[in-house]
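Letter 119 of the sequence shown, counting from 1, is numbered 115 in the numbering used here, and no numbers are missing. What follows is one structure encoded as structure tokens, with my remarks underneath.
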Amino acid sequence: MDTERTTAPIKSVRASSRKPLQRLSPAIVEQVERLLGGRTRDIRLHGELAQLFRERSWPRTAKIIRAWMVWVIVLDILTWGLNAILLPAETVMSMLWPASILPPAALVAVLVFRRPHPLWLQGVFILSAVFLILLSVALVGVNSGGEFYERHLTIMLFVAVTAIIIFPVPLGWAMAIGASALGLYLVFQLRNPGIEAGSALAGTLFFASGVAATVVARRTTTIFAQKTFLLELRDRSRLAELTDANSQLELLARTDPLTGVANRRSMMETLHHFWNQELRQTSGAAMLMCDLDDFKHLNDNLGHAEGDRCLVKVAGIIQSSMRDERDEVARYGGEEFLVFLPGSDGQEARAVAERIRSRVEAASLPNPTSRVVPWVTVSIGIAILQNGNVVSAEHMQRQADAALYLAKKTGRNCVVVHALEANQAD
């Protein structure tokens, strides 16, 4: 018998090391499709979808927040150092204690965002840290007075705006940062002896418009990030579906459609892989060629539907008679099944073959015109591959065929081993 040469055995496909894609629930897939089907500006993530987005974006968010906090600490220290050089000692001392609020607050935020925490706890820490940073900047100017008063309040608003722009955080957090900055600005401006209350209110409203525009821009950026995330989820879902479809097609291409066991192509791939990759590491192997006795009589007498039912039953019996998952059975022809037993010796092969034969006979599937008994039986030929006697897969198949022919010739419903009975018959 000729064998087909292929590249990848079915066993290696089953044992593939590729990790399966994480499966999205139907509810998540439906929600993703609904959001992508609407307007971009209406995208809102809720429930499990929002949690997935936070889990995916957290490493990037935490890294940005930590970097911003570190730079704020560095700039605060550098600014105070320059002020110590350029400004009078009295002014520098008035700046010292409010400036000292900033580094610890920022450092705590850096430490907190080194690992994930519940969302509410992250919000508490980030908003507290930003508020203390803004308060520190504002108090530096308030304590110094004069030209520093309003200048540092403006710097405080600038710090808040940069935080809103840079931090990829929920909209509520961004609004809280903006509100706290405007609140501090208004409170300290109302206490500013250099301006009237009306000017303080007008200045707050002016800066409020800029903060509001920044928050809107932050929201737009977040929406686009969420849309990108939804597109990734949809692509992942479709790729998973395509992978499943390809796996099903691959399985169908290697499976006999009637009996559900491997087909001839699959068996040839298994043999090819074994002879090229595993033969030297395995102590022997065996092939069993199983053929239903007088199967043509069964089809002629009971019909092809009954013949198909019989093939399915016999395939199941053979499959259940295997030693472990390494053994493979394939429908090799019309009523022929080829069984491959890697690592098997003659005794094990004969035991498996006899188990198959006896179980098929015990199933009492009707075959009233059989020349053996009035039910279905099988004849089995065995070829043994022993250490030191390496032959090709094709040669072993011919040996199994020869043993099967001898089993048919000597009465059917029996097991013949080529290495023993066949040689003796010769």
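For glycine and all other residues, C-beta sits at the position ideal for the given N, C-alpha and C. Quick caveat, the model's predicted, so the values are computed rather than measured.
Asked, Found
"Burial state of T216, where buried means 16 or more other Cβ atoms lie within 10 Å", "exposed"
"Rounded straight-line distance, which links the Cα of G33 to that of P166", "23 Å"
"Among A134, L334, V212 and A95, the one whose alpha carbon lies nearest that of L149", "A134"
"Close-in-space but distant-in-sequence residues of the same chain around R234 (CB under 7 Å, 5 per side omitted)", "none"
"Selected residue, minimal CA-CA separation from A396, among S366, F220, I122 and A345", "A345"
"Alpha-carbon to alpha-carbon, L31 and G137", "47 Å"
"Cβ neighbour criterion (16 or more within 10 Å) applied to H300", "exposed"
"Interface flag, I314 vs chain B, CB-CB below 8 Å", "The structure shown contains no chain B; it is built from a single protein chain."
"Span of the alpha helix (DSSP H), counted from its first residue to its last, around M65", "G43 to L82"
"Environment of L107 [buried if 16+ CB atoms lie within 10 Å]", "exposed"
"Which residues DSSP lists as bridging P362, in chain order", "W371"
"Residue from L45, R37 and Q185 with nearest C-alpha to S21", "L45"
"Touch test, the region 302 to 311 against the region 260 to 278, Cβ-Cβ under 8 Å, three pairs minimum", "no"
"Alpha-carbon spacing of A63 relative to R56, whole angstroms", "11 Å"
"Residues near L229 by beta carbon distance below 6 Å, same chain, minus five either side", "V28"
"Close Cβ partners of A172 (< 7 Å) along its chain, the five nearest in sequence each way excluded", "L123"
"Contact between the region 343 to 361 and the region 268 to 287 (3+ Cβ pairs under 8 Å)", "yes"
"Burial state of V207, where buried means 16 or more other Cβ atoms lie within 10 Å", "buried"
"Minimum C-alpha distance to A434 - residue among R394, L71 and N79", "Past the boundaries of the shown model lies residue 434; the chain is included only from -3 to 422, so the question cannot be answered."
"Segment contact flag, the region 86 to 101 with the region 138 to 157, C-beta cutoff 8 Å, min 3 pairs", "yes"
"Collapsed DSSP secondary structure at V104 in the structure displayed", "helix"
"Whole-Å CB distance - L117 paired with R50, under 8 Å assumed", "That belief does not hold up - the Cβ atoms of L117 and R50 are roughly 13 Å apart, past 8 Å."
"Contact under 8 Å by Cβ, V374 with Q315", "no"
"Identity of the residue in A358, A403, E357 and L337 nearest I380 by Cα", "L337"
"Residues near P16 by beta carbon distance below 7 Å, same chain, minus five either side", "Because P16 sits at a pLDDT of 42, beneath the cut-off of 50, its placement in the model cannot be relied upon, and the point is left open."
"L361 versus V372: straight-line alpha-carbon distance, rounded", "5 Å"
"Nearest candidate by alpha-carbon position, reference I97, set I69, L334 and T218", "I69"
"Per DSSP, the bridge partner or partners of P338", "A281"
"Buried or exposed (CB count within 10 angstroms, at least 16 for buried), D323", "buried"
"Among L294, T218, L275 and V386, nearest to D38 - alpha-carbon criterion", "T218"
"Residue range of the unbroken beta strand (DSSP E) whose run includes A95", "Counting along the chain, A95 falls outside any beta strand (DSSP E), though it belongs to the alpha helix (DSSP H) covering A85 to A95."
"H269 versus S53: straight-line alpha-carbon distance, rounded", "44 Å"
"Cα-Cα separation between L226 and E390, rounded to whole angstroms", "53 Å"
"Candidates L238, H293 and A95: closest to N79 by CA position", "A95"
"As assigned by DSSP and simplified to three states, the class of L17", "Confidence is the limiting factor: at L17 the pLDDT is only 43, short of 50, which leaves the residue's position unreliable and the question unanswerable from this model."
"Beta-bridge pairing of I380 - partner residues as DSSP gives them", "A282"
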